[in-house]
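**Student:** So the sequence shown is numbered by the numbering used here: it starts at -18 and just counts up by one.
The beta carbon of each residue, even a glycine, is placed where N, CA and C say it ideally should be.
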Amino acid sequence: MFKRWSIKFDFFLLLLIILIYLWRSGLVTAGEIPAKDNTLDPVSITSNKMTIKNQENKIIFEGNVFIKKGDLTIHSDRAEVFLAEQQGGGGSSKTPSLFENPTAKGGKDISRIEAFGNVDIQQGDKHAKAQKGVYDQKKDTIILTGDPNPEAWENDYRVKGKMITLYIAENRSVVEGGSQVLIQSGAKNLNLGTK
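1. Using the C-alpha atoms, what's the distance from asparagine 152 back to glutamine 104?
2. Hey, how far is the Cα of valine 24 from the Cα of isoleucine 55?
3. Between which two residues does the beta strand (DSSP E) containing glutamine 104 stretch?
4. Which value, in whole angstroms, describes the spacing of the CA atoms of aspartate 90 and glycine 51?
5. Using only CA atoms, which one of Gln112, Glu95, Gln36 and Ile26 lies nearest to glutamate 66?
6. Go through its chain and collect everything with a Cβ distance to glycine 114's Cβ below 6 Å, but skip five positions before and after it.
7. Alpha carbon to alpha carbon, what distance is there between histidine 108 and phenylalanine 47?
8. So what's glutamine 112 in DSSP terms, helix, strand or just coil?
9. If we count the other Cβ atoms within 10 Å of its Cβ and call it buried at 16 or more, is glycine 159 buried or exposed?
10. Expressed to the nearest angstrom, what Euclidean distance is found between the alpha-carbon atoms of isoleucine 40 and serine 57?
11. Does the Cβ-Cβ distance between serine 154 and leucine 163 come in under 8 Å?
12. State the Cα-Cα distance for the pair alanine 133 and threonine 32, rounded to the nearest angstrom.
13. Per DSSP, serine 57 is paired with what?
14. Tell me whether glutamine 36 sits in a helix, a strand or coil according to DSSP, three-state version.
15. Using alpha carbons as the reference points, say which of Tyr138, Gln118, Lys110 and Lys49 lies closest to proline 129.
16. For glutamine 161, which of helix, strand or coil comes out of DSSP?
17. Near asparagine 45, which residues of its chain fall below 7 Å by C-beta distance, leaving aside the five closest residues on each side in sequence?
18. Which residues in the same chain have their Cβ closer than 6 Å to the Cβ of valine 156, if we skip the five residues on either side of it in sequence?
19. Does the ligand GDP have a heavy atom nearer than 7 Å to the CB of lysine 89?
20. Roughly how far, in whole angstroms, is the beta-carbon of isoleucine 94 from the beta-carbon of valine 62, given that I think they are within contact range, below 8 Å?
Below you can see the structure in the form of structure tokens.
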């Protein structure tokens, strides 16, 4: 019986040492969920019509535009995709085709996407609507503007303002210009507004 207790104690002691090591090294934390880094997720775009303007480093999508990047989706009437030389890509004297291998030297990366008309954004339980949305690939942000004012909502709360900036990786948003917050709690509504 003493031997059985000794084996259990040794196992427990070893497990405790491993957990302390993991906790001290930062591999195990309590209550902290890191934000998903979707900057490397591929971007998929579909539409009724696509126009490529190589000299302007731009692609225009028209009609039923659907953009997907990871769990983020954007619907709009029209979108313009702006391209830039890949970071670390060598300087080629000729303008490369948009259809070159994106991992090849001198390829193109998306720098920003501008969506126009009935812009509808969804990521999980979060939704947003605007007349214009500008996605900045490097900053991983979407700036919403237009008339009527853009709005965003999640579960029982909704915000409106002249400009809403969505920080995708940070899971936060900033509302500017006449911001308004509507919080619905059961049958009660709380409306907070600023000018």
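**Tutor:** So, to answer that:
1. Position 123 of the sequence shown, counting from 1, holds the residue named residue 104. Position 171 of the sequence shown, counting from 1, holds the residue named residue 152. Here the alpha carbon of glutamine 104 sits roughly 10 Å from the alpha carbon of asparagine 152.
2. The count along the sequence shown starts at 1 and reaches residue 24 at position 43. The count along the sequence shown starts at 1 and reaches residue 55 at position 74. Their Cα atoms are separated by approximately 11 Å.
3. If you number the sequence shown from 1, residue 104 lands on position 123. Start and end: 89 to 104.
4. Position 109 of the sequence shown holds residue 90. Position 70 of the sequence shown holds residue 51. Going from the Cα of aspartate 90 to the Cα of glycine 51 covers about 17 Å.
5. Counting from 1 along the sequence shown, the entry for residue 66 is found at position 85. Comparing C-alpha distances from glutamate 66 to each of Gln112, Glu95, Gln36 and Ile26 shows the shortest one belongs to Gln36.
6. One-based indexing of the sequence shown puts residue 114 at position 133. If we look at glycine 114 and ignore the five residues flanking it on each side, its Cβ neighbours are Ala96, Val100, Ile123 and Leu125.
7. Here residue 47 corresponds to residue number 66 of the sequence shown, with the count starting at 1. Here residue 108 corresponds to residue number 127 of the sequence shown, with the count starting at 1. Looking at the two C-alpha atoms, the distance is approximately 15 Å.
8. Here residue 112 refers to the residue found at position 131 when the sequence shown is read from its first residue. Under the three-state reduction of DSSP, glutamine 112 is assigned to strand.
9. Taking the sequence shown and counting its residues from 1, one reaches residue 159 at position 178. Counting C-beta atoms within 10 angstroms of its own C-beta, glycine 159 has fewer than 16 neighbours from the protein chains shown and is therefore classed as exposed.
10. One-based indexing of the sequence shown puts residue 40 at position 59. One-based indexing of the sequence shown puts residue 57 at position 76. Each residue's Cα considered, the two are about 15 Å apart.
11. By 1-based counting over the sequence shown, the position of residue 154 is 173. By 1-based counting over the sequence shown, the position of residue 163 is 182. Using a Cβ distance threshold of 8 Å, serine 154 and leucine 163 do not count as a contacting pair.
12. Residue 133 sits at position 152 when you count from the first residue of the sequence shown. Residue 32 sits at position 51 when you count from the first residue of the sequence shown. Alanine 133 and threonine 32 have their C-alpha atoms spaced approximately 30 Å apart.
13. Along the sequence shown, read from residue 1 onward, the residue named residue 57 stands at position 76. Under DSSP, serine 57 shares a beta bridge with Val46.
14. To locate residue 36, count along the sequence shown from 1; it is residue 55. In the structure shown, the three-state DSSP call for glutamine 36 is helix.
15. If you number the sequence shown from 1, residue 129 lands on position 148. Per the Cα distances, Lys110.
16. Along the sequence shown, one-based indexing puts residue 161 at 180. Three-state result, glutamine 161: strand.
17. Taking the first residue of the sequence shown as 1, we reach residue 45 at position 64. Here the set comprises Ser28 and Asn29.
18. The residue you call residue 156 lines up with position 175 of the sequence shown. Val140, Gly142 and Ile145, listed in sequence order.
19. Absence of the ligand GDP from the depicted structure is noted, as is the absence of any ligand whatsoever, leaving it without description.
20. Taking the first residue of the sequence shown as 1, we reach residue 94 at position 113. Taking the first residue of the sequence shown as 1, we reach residue 62 at position 81. Isoleucine 94 to valine 62, Cβ: 5 Å. Contact.
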